Each structure stands twice: as structure tokens, then as C-alpha cells.
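Student: Sharing a structure with you now.
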Amino acid sequence: MQSQKNTSYSQLRAMLALTKASLRAMLRSPSSIVFTIAFPLIFIIVFGFIGGGGMRIDVAADPSINVQNPVFQAIANNPSVNLISDKPLDEAMNELRKGRIDGIINIKVKTGADGKPEYIAEVKTS
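The opening position of the sequence shown corresponds to residue 11 in our numbering, with each subsequent residue numbered one higher.
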């Protein structure tokens with residue numbers, strides 16, 4: 011009878027051996043380094059500058075909203091939000107249904123139990 015060694019198979023050691031062999035093979039070929047690192051980096055840089063700095067959403071303000079509200083002021087000062095506050099509610103709803111604006115916001119103020127104001131934002135979207 012032959013004696014058998016009690017060896018256990020390690021998934022971690024196998025993964026590390028495959029990773030080491032893959033990295034060695036990649037480092038032997040300069041073109042693989044370019045296509046693995048430099049090429050994706052160039053794509054990220056080029057397409058990152060095409061976007062123009064992010065997206066901008068059009069939001070109509072409900073006519074009953076208090077424009078002195080600090081939450082309204084914060085939204086109005088946000089460069090990502092184009093706040094439209096001169097449309098009547100029915101016209102804004104029509105624009106929302108047609109997809110010309112992204113939402114209608116109304117901010118209500120309620121006094122909390124501790125006497126501090128609580129702001130409730132209602133947002134209507136399509």
C-alpha cells in the first residue's frame with residue numbers, strides 16, 4: 011500500500027498563482043500593457059471632457075411656494091437645477107406630461123413639536 015500525503019487544495023493559492031502567471035505574461039508584451047492601462051485611460055479622459063460638466067434638470071416651482079424659504083433658495087442656487095418659477099400650475103403640469111420639464115416642486119413649512127420649522131418637499135414627476 012502506498013502512503014498518500016494529506017494535502018489540501020487552497021483556492022487562494024491557486025488564484026494567486028494564476029494572477030502571478032497572468033501578470034508575468036502581460037509584462038512580457040508591451041502592447042498588452044498599452045491596451046490594458048493606457049488605452050482605457052485615454053478613453054476615460056476623452057469621453058469625460060465631452061460631457062460638458064454634468065447634467066442639468068428643469069424643475070418648475072409650484073406657484074404657492076414661498077420663495078424666501080431656505081430650502082427653495084438652496085435649490086435655486088444649485089447649478090444642476092434650472093428652476094422655473096414663472097409658470098402657472100396647469101401649464102407646468104402640461105409641460106411635465108409632455109416631458110419638457112423633469113418635475114414640479116412644492117415646499118411646505120410645518121412647525122414641529124419643538125417649535126422649529128419642518129420642511130416637506132413634494133415633488134411631482136412624470
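All residues carry an ideal CB built from backbone N, CA and C; glycine is no exception. A quick note: this is a predicted structure, and the numbers were derived from the prediction, not measured.
State the start and end residues of the unbroken alpha helix (DSSP H) segment that holds residue 124.
Tutor: Premise fails: residue 124 is in no alpha helix (DSSP H) and is neither H nor E.
Student: Quick one, which of 117, 28, 27 and 134 has its alpha-carbon nearest residue 78's?
Tutor: Closest by alpha carbon: 117.
Student: Looking only at DSSP bridge pairs, what is residue 113 linked to?
Tutor: In DSSP, residue 113 forms a bridge with 69.
Student: Terminal residues of the continuous alpha helix (DSSP H) containing residue 81?
Tutor: Counting along the chain, the alpha helix (DSSP H) containing residue 81 begins and ends at 80-86.
Student: In whole angstroms, what separates the C-alpha of residue 36 from that of residue 42?
Tutor: In a straight line, the C-alpha of residue 36 is about 6 Å away from that of residue 42.
Student: Tell me, to the nearest whole angstrom, how far the beta carbon of residue 144 is from that of residue 100; I am working on the premise that it is less than 8 Å.
Tutor: No answer is possible for residue 144: it lies beyond the span of the chain, which begins at 11 and ends at 136.
Student: Who pairs with residue 132 in a beta bridge, going by DSSP?
Tutor: Answer is 116, bridged to residue 132.
Student: Rounded to the nearest angstrom, what separates residue 89 and residue 39 at their Cα positions?
Tutor: Cα to Cα, the separation comes out at about 47 Å.
Student: Among residues of its own chain, excluding the 5 on either side of residue 136, which ones have a beta-carbon nearer than 6 Å to its beta-carbon?
Tutor: Same-chain partners within the cutoff: 106.
Student: Considering only residues of the same chain and omitting the five flanking positions on each side of residue 102, which have a CB-CB separation below 6 Å?
Tutor: Excluding positions up to five away in sequence, the list reads 70 and 114.
Student: Determine, using beta carbons only, whether residue 132 and residue 72 come nearer to each other than 9 Å.
Tutor: Going by C-beta atoms, residue 132 is nearer than 9 Å to residue 72.
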